[in-house]
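Counted the way the numbering used here counts, the sequence shown spans residues 2 to 340.
Just so it is clear, CB atoms sit at the ideal spot from N, CA and C, and this is done for glycine as well.
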Amino acid sequence: MKTEVLDLRKGKEGPSISRAAELLKDGKVVAIPTETVYGLAASAYDDEAIKNIFIAKGRPQDNPLIVHISDLDMLKMVANNVPNLAYTLAEKFWPGPFTMVLEKNDDIAKSVTGGLSTVAVRLPANEIAREVISKAGLPLAAPSANISGKPSPVSAEHVIADLSGKIDAVLCSADSSVGVESTVLSLCSNPPRLLRPGAVTAEQLLEIIPDLVVDKAVLEGLSENDTAASPGMKYKHYSPEIEVVLVDGDSKKYAEFVNNADNAVAVCFSEDSGINVKKYVYGSKFDEATQAKNIFGILRQLNNEKGKTAYVHAPSKTGIGLAVYNRLIRAAAFKVINL
Ligand code: TXA
Ligand code: MG
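Here is the structure:
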């Protein structure tokens, strides 16, 4: 298949967005920019189109997709019996990097939710994403636009590297400003449950939901007997082609450790000094937002370090740092060294 490249960076705004919307109305699969990561979109009502998303990504069929809407009116096209709490949260966090799991509307294609009775819904902040959705006039199911298991794409080039020849089109725009996927909150659990941390932080949610539960899978691997509240959490994720290990400890101990490890590359903070091996800096240790923006790009660059092991200096688990930690611990297949 030839993938049509619609590049908004070349100044053809109007026609490219309309073309993407036309393709989506026609049952095609199109990668689109969002503020979190690029998404691989198709009509949430079209079972065949959704199946093509799963095929292009190589995604397990029981891992449900997030449905994207362009305004609050569209919510009723997607979800039933929406609780008042959802509207309170929508007012505060939409449009934005925030997804709510709600009771599913029957019009949503079965393959979107992998047979679940619930649906995950997001109203993105990225204006291009919203314009595509509103021009198509359809809610769009869109997982991250990467090959399943690989780091999520934060630039059009990441999407093209993974999916060129496998999807109908890619709408290229600026790099994603947040850099990690949306926060996923289930309102179908009582009390509400944080399934995936993101740029809308646990601290922010606790101000509105004092009895918020943070799912165990946010920081730990699931054992074989556990059932996943969010099916995505049980799969291997975000992995470059080399081994990744998370290393927790102060700057001095971290430098000593990587300098003495075999075949090491360091993924570290700008404050880390005295490192004698090749290093990739993912931000200041005090600036979790920059860490989030950089981390998936660096995980992709690590593919150039064949035969090495990447030792990542572990971020804090506060604010958006919890999201960075959650992605890194999966990239590391839960290997953590405490110094
Ligand atoms: O920021 C994002 O959320 C990006 C952009 C494109 O919007 N999308 C994204 O989609 O990250 P994806 O498919 O890579 O991750 C969706 C996550 C998975 O962990 C999935 O298991 C969970 O949301 N999920 C989807 N529907 C669910 C449901 N009904 N119940 C529980 N978890 C659900
Ligand atoms: Mg994903």
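Asked, Found
"Endpoints, beta strand (DSSP E) assigned at A290", "No beta strand (DSSP E) holds A290; the alpha helix (DSSP H) holding it covers 289-302."
"8 angstroms Cβ cutoff met for T89 and V102", "no"
"Where N82 falls: helix, strand or coil (DSSP)", "coil"
"C-alpha distance - Q292 paired with N305, whole-angstrom precision", "20 angstroms"
"CA nearest to the CA of V246, picked from N264, V215, T310", "T310"
"Span of the beta strand (DSSP E) around A311", "310-314"
"Straight-line Cα distance separating K279 from S19", "45 angstroms"
"Segment limits, alpha helix (DSSP H) that includes V201", "That residue, V201, is in no alpha helix (DSSP H); it is neither H nor E in DSSP."
"F99, DSSP secondary structure in three states", "strand"
"Coil, strand or helix - G322 by DSSP", "helix"
"Euclidean distance between Cα positions of S178 and A126", "10 angstroms"
"Stretch pair the segment 128-147 + the segment 66-85: three plus CB contacts closer than 8 angstroms", "yes"
"Identity of the residue in N260, R328, S187 nearest V83 by Cα", "S187"
"Helix, strand or coil at K280 according to DSSP, with G and I counted as helix", "strand"
"Closer than 7 angstroms: P144 CB and nearest the ligand MG heavy atom", "yes"
"Contact test: L329 Cβ vs the ligand TXA heavy atom, cutoff 7 angstroms", "no"
"Alpha helix (DSSP H) segment containing N261, residue limits", "252-261"
"Close Cβ partners of A110 (< 7 angstroms) along its chain, the five nearest in sequence each way excluded", "A45, Y46, D47, D48, I51"
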